[in-house]
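Since the structure comes first, as structure tokens, the remarks are kept for the end.
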Amino acid sequence: MNLTLKVWRQKDAKAKGGLETYQIKNVSEHSSFLEMLDLLNEDLINKGEEPVAFDHDCREGICGMCSLYINGEAHGPDRKVTTCQLHMRMFKDGETVYIEPWRSKAMPVIKDLIVDRTSLERIQQAGGFISVNTSGNTQDANALPIPKPMADKAMDAATCIGCGACVATCKNSSAMLFVAAKVAQYSYLPQGQIERKERALNMVEQMDKEGFGNCTNTGACEVECPKGISLEFIARLNSEYLGASVTSGQ
Amino acid sequence: MSKLDSKIPEGPIKDKWTNHKNHINLVNPANKRHIDVIVVGTGLAGGSAAASLAEMGYKVKAFAYQDSPRRAHSIAAQGGINAAKNYQNDGDSTYRLFYDTVKGGDYRSREANVYRLAEVSGNIIDQCVAQGVPFARDYGGLLDNRSFGGVLVSRTFYAKGQTGQQLLLGAYSAMNRQIGKGKITMYNRHEMMDLVVIDGKARGIIARNMITGEIEKHSAHAVVIASGGYGNVFFLSTNAMGSNVSAAWKIHKKGAFFANPCYTQIHPTCIPRSGDQQSKLTLMSESLRNDGRIWVPKSIDDVKAIREGRKKPTDLSEEERDYYLERRYPAFGNLVPRDVASRAAKERCDAGFGVNATGEAVYLDFKSAIQRYGKERALVSGVDNPSAEKIIELGEQVIEEKYGNLFQMYEKIVDQNPYKTPMMIYPAVHYTMGGIWVDYNLMTTIPGCYAAGEANFSDHGANRLGASALMQGLADGYFVLPYTIGDYLADEIRTGPIPTDSPEFNAAEKEVKDRLEKLISIKGTKSVDYFHKRLGKIMWDNVGMARNEQGLKEAMVEIKKIREEFWKDVRIPGGLNELNPELEKAGRVADFLELGELFAKDALHRNESCGGHFREESVELDGEQKGEAKRNDKDYAYVAAWEYKGEPADSVLHKEELTFNDIELKQRSYK
């Protein structure tokens with residue numbers, strides 16, 4: 001198939017970017033979206049132009065490295081997939097495809113389609129852990145039975161890949177779904193109880209400090225999340241945060 | 251006298267690790283604060299090592315080429331992690347896990363290391379649960395297990411089909427706690443460019459900031475390489491696009507021996523390639539072989555009809571199908587180890603029976619399982635006289651509960667519904683058992699330089715069992731390295747901070763800058779991928795699943811030729827002092843072009859078949875095992891550790907003889 005691509009090009013963080021138009025021919029419908037970009041880059045290199053920079057790594061939908069706003073949707077038109085698992089059969093021959101980076105004040109563009117997501121890292125560093133040191137004498141894993149429904153809930157929350165699609169798609173650029181996934185995971189587990197309040201307060205405080213917007217429950221994040229993280233976890237985060245604010249004395 | 255001292259402790263195998271820990275040197279807590287450790291790579295091995303070392307009090311600097319430690323390719327592991335917990339009461343023990351691992355590795359691993367791995371395996375599960383890793387549980391709230399290929403017990407712990415992700419997020423959370431405390435300094439989007447050796451000791455690294463292009467000097471009292479495997483030398487593999495050999499190769503060139511480079515695991519159940527635009531291959535978990543039956547048509551006419559679209563696989567009756575694994579290996583059937591299953595698929599496809607347009611695919615069929623599960627569920631849920639449709643419906647439900655995410659992934663990629671038509675699969679490069687040679691302390695042949703996880707060679711011999719990679723990465727990082735590194739660092743307490751303006755640092759920095767400038771100034775006519783694809787093709791054709799003397803010799807010549815062309819004709823757009831993905835790729839492919847030649851040389855010298863390494867010259871000629879791989883313990887029961895001498899072809903072989911005191915060497919039989 002042949003396509004017209006409108007790709008965001010931006011030399012570096014300070015430069016002013018803009019959309020460039022490229023024609024691309026003979027794309028296999030079995031290719032992934034990123035393989036289509038590989039083809040474009042091969043073309044550009046052969047013509048002596050600079051290839052388009054984009055983030056990617058595992059190409060099996062789990063590392064969270066790939067991003068891209070495609071035709072106005074985070075990770076493109078398919079549901080519950082990352083861009084690397086999006087296939088060209090989702091597009092029509094002759095179509096024009098717009099490719100832009102994530103847009104958020106807290107995730108600025110580094111180059112072309114690559115953005116800086118270290119703000120998400122700092123939120124995790126503020127409390128996304130259980131304080132336990134490595135030790136060969138930790139209690140036996142089965143000494144702490146956890147009801148299966150709680151363990152399953154924790155797992156559902158823990159599947160977040162940290163790609164940032166929730167932020168990119170949110171009209172407020174809110175990182176609530178991302179933060180909620182981690183806070184909720186530990187809130188369901190007995191191991192997470194001791195630091196439960198501090199964790200919710202600290203992670204939310206860091207989120208605000210990074211300049212992410214507030215949540216107005218539009219639910220766009222849940223729709224675009226490649227891992228289907230549920231909005232219900234945001235409700236959980238709100239209750240965790242409220243409970244902690246009222247009772248922790250901070 | 252060999253240059254290799256494996257430093258295996260004295261005493262009975264079950265006491266070696268405890269005795270060793272009791273007698274090695276320690277660093278006191280006040281001194282740890284003044285000692286720097288660099289960790290390159292933040293997957294399971296690097297991430298767990300960085301967190302544990304920082305908790306102990308060392309000052310850690312961690313490096314990742316991705317934008318977060320959480321993105322390392324350990325995250326893609328699906329199936330699970332082994333541990334000898336014996337929670338299922340099926341007779342598992344440290345000894346059994348040790349035995350299975352040595353046997354599965356075709357008797358080419360070091361007994362003492364493998365025993366230690368089995369010994370600490372239980373601690374890993376305890377540690378991960380304490381961190382909040384949400385492993386699968388049963389209705390009583392206790393941990394669930396499943397079974398994996400090549401063993402007789404259920405010892406695999408799992409978190410849906412995302413075990414690697416959950417374990418890595420556990421190690422990542424431990425790292426985050428230390429980063430927040432300032433105990434780990436994290437360098438994201440940084441790539442290690444070289445190792446700095448001063449007076450024979452590893453003293454730091456040269457790294458490139460991948461955003462600005464700045465070349466940075468970082469000193470430390472010890473350097474840990476946990477940069478993963480080198481499967482991408484084949485271009486197409488299940489590794490991440492950025493996975494590379496460069497960190498390991500740089501230390502090799504600075505004096506670390508490279509062991510058994512030819513031991514590669516080719517995983518039997520991957521989605522076949524679709525065409526020339528493909529950039530990587532996707533694995534389907536080994537667990538699918540529990541319920542899927544592998545077959546190709548018996549008749550070549552049916553093969554043609556299927557390829558031309560005149561017939562569908564579902565049109566073929568049972569009699570027209572060749573379930574070749576069940577035919578050749580009645581005892582293990584579809585659950586033979588990975589190396590055996592892969593070779594059998596290649597044998598059928600080479601004979602012309604491949605079922606897709608490229609001729610490189612076999613069927614993995616769930617029809618029998620859907621029938622079996624459907625009838626079972628009908629009985630359990632009280633459906634009397636279920637119709638054929640009802641049985642299929644119920645059977646598909648069970649399959650979806652077990653493998654839903656894998657089936658969804660398959661459908662997204664191939665655009666076929668695997669509930670209705672058999673999956674197509676083909677073997678693909680997945681894991682490299684070979685790697686940097688290390689002693690019992692995980693130290694390389696460069697004092698102060700360590701290698702952990704897939705980057706080292708030590709535990710899997712010539713073939714790795716399923717669910718053992720996660721175990722080894724975390725064992726090295728949580729429970730081995732944090733102890734053994736102290737033995738070396740105890741002598742470093744008086745060293746003080748290491749300056750980065752020494753002649754050695756400056757020379758290493760200049761070397762790195764010169765190489766980058768040379769790469770970018772070639773301004774040739776071909777892209778980096780053009781050379782990488784050519785290298786991958788020769789590796790796959792001549793150094794892949796079956797190898798012979800002539801093919802390996804040709805490969806060595808051809809790879810050298812591609813390397814020379816690369817250095818004359820590669821085109822890298824953009825500049826040095828900016829984010830430049832083509833420049834990054836070029837540096838990695840340049841290293842693959844050297845490794846590939848050593849890889850072929852190692853495969854050429856080892857004229858036996860063992861594990862993932864199959865030499866066509868070394869097969870059983872008669873008897874029940876006719877046509878199967880033939881190991882040669884008399885001549886090859888050693889680790890081949892290669893010393894760099896300027897050109898890969900000139901590398902010098904050092905042998906570490908393997909002695910087996912606790913396990914008897916036997917031929918593996920799956921008949």
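Each protein sequence line maps, in turn, to chains A and B.
Each residue of the first sequence is one higher than the one before, counting from 1 in this note's numbering.
Each residue of the second sequence is one higher than the one before, counting from 251 in this note's numbering.
C-beta atoms are modelled at their ideal positions from N, C-alpha and C, and glycine is treated no differently.
So, does the CB of residue i fall closer than 8 Å to a CB anywhere in chain B?
i	result
A:Y186	yes
A:F129	yes
A:L39	yes
A:R9	no
A:P226	no
A:S239	no
A:A106	no
A:C58	yes
A:Q23	no
A:L201	no
Is residue i buried or exposed, if buried means 16 or more other CB atoms sit within 10 Å of its CB?
i	result
A:T4	exposed
B:Y315	buried
B:N269	exposed
B:E832	buried
B:A611	buried
B:A853	buried
B:V630	exposed
B:T694	buried
A:V246	exposed
B:H855	exposed
A:Q185	buried
B:Y660	buried
B:A654	One detail in the question is off: residue 654 of chain B reads as Gly in this sequence, not Ala. When all chains shown are included, B:G654 counts as exposed.
A:D156	buried
B:T909	exposed
B:Q528	buried
With distances taken Cα to Cα, identify the nearest neighbour of residue i among the options.
i	options	result
B:S318	B:E441, B:K818, B:K410	B:E441
B:K277	B:T775, B:E742, B:Q377	Checking the sequence shown, residue 277 of chain B turns out to be Val, not Lys. That would be B:E742, whose Cα lies nearest to the Cα of B:V277.
B:E897	B:L614, B:D841, B:P749	B:D841
B:L733	B:Y700, B:D444, B:D255	It should be noted that the sequence gives Tyr, not Leu, for residue 733 of chain B. If we check each option's Cα against that of B:Y733, B:Y700 comes out closest.
B:L692	B:D388, B:Q722, B:R283, B:I675	B:Q722
B:N363	B:E870, B:R918, B:A702	B:A702
A:V7	A:G18, A:D140, A:D55	A:G18
B:V370	B:F484, B:R346, B:G624, B:A725	B:A725
A:A154	A:T118, A:A181, A:G128	A:A181
A:L201	A:G128, A:K227, A:T134	A:G128
B:E874	B:P580, B:P753, B:V889	B:P580
In chain order, what residues of the same chain lie with their CB nearer than 6 Å to the CB of residue i, ignoring the 5 residues before and after it?
i	result
B:E704	G478, G479
B:Y357	L915
B:G195	Here chain B covers residues 251 to 921 and nothing more, so residue 195 of chain B does not appear.
B:A619	D541
B:K433	A304
B:D526	none
Here's a check: name, in chain order, each residue in its chain whose Cβ is nearer than 7 Å to the Cβ of residue i, leaving out the five neighbours to either side.
i	result
B:M795	I516, S592, R593, K596, P677, F864
B:L445	A452, I455, V473, K500, I501, K504, C699
Are the C-beta of residue i and some C-beta of chain A separated by less than 8 Å?
i	result
B:M251	Residue placement at B:M251 is flagged as unreliable, the pLDDT there being 43, under the threshold of 50; the coordinate-derived value follows with that caveat. It does not: the Cβ of B:M251 has no partner Cβ on chain A nearer than 8 Å.
B:K266	no
B:H270	no
B:D317	yes
B:S325	This sequence places Ile at residue 325 of chain B; Ser is not what is there. For B:I325, the answer is yes, since a Cβ of chain A falls inside 8 Å of its Cβ.
B:I675	no
B:Q416	yes
Within the same chain, show all residues whose beta-carbon is closer than 8 Å to that of residue i, passing over the 5 residues directly before and after it, in chain order.
i	result
B:E464	R458, N827
A:E205	A126
B:E643	G624
For this session: Using a Cβ-Cβ cut-off of less than 8 Å, list which residues of the segment 715–733 of chain B approach chain A; keep chain order.
Result: Y728, F729, P732
Problem set entry | Contact residues within the segment 78–108 of chain A, judged by C-beta distance below 7 Å to chain B | V81, Q85, H87, R89
For this session: Output, in sequence order along the chain, the residues in the segment 528–556 of chain B whose CB is closer than 8 Å to any CB in chain E.
Result: Checking the listed chains, one finds no chain E in this structure; the protein chains it contains are A and B.
Exercise. Just by C-beta distance, which residues in the segment 138–151 of chain A are closer than 8 Å to chain B?
Worked result: Within the segment 138–151 of chain A, the residues whose Cβ lies closer than 8 Å to some Cβ of chain B are T138, Q139, D140, A141, N142, L144, P145, I146, P147, K148, A151, listed in chain order.
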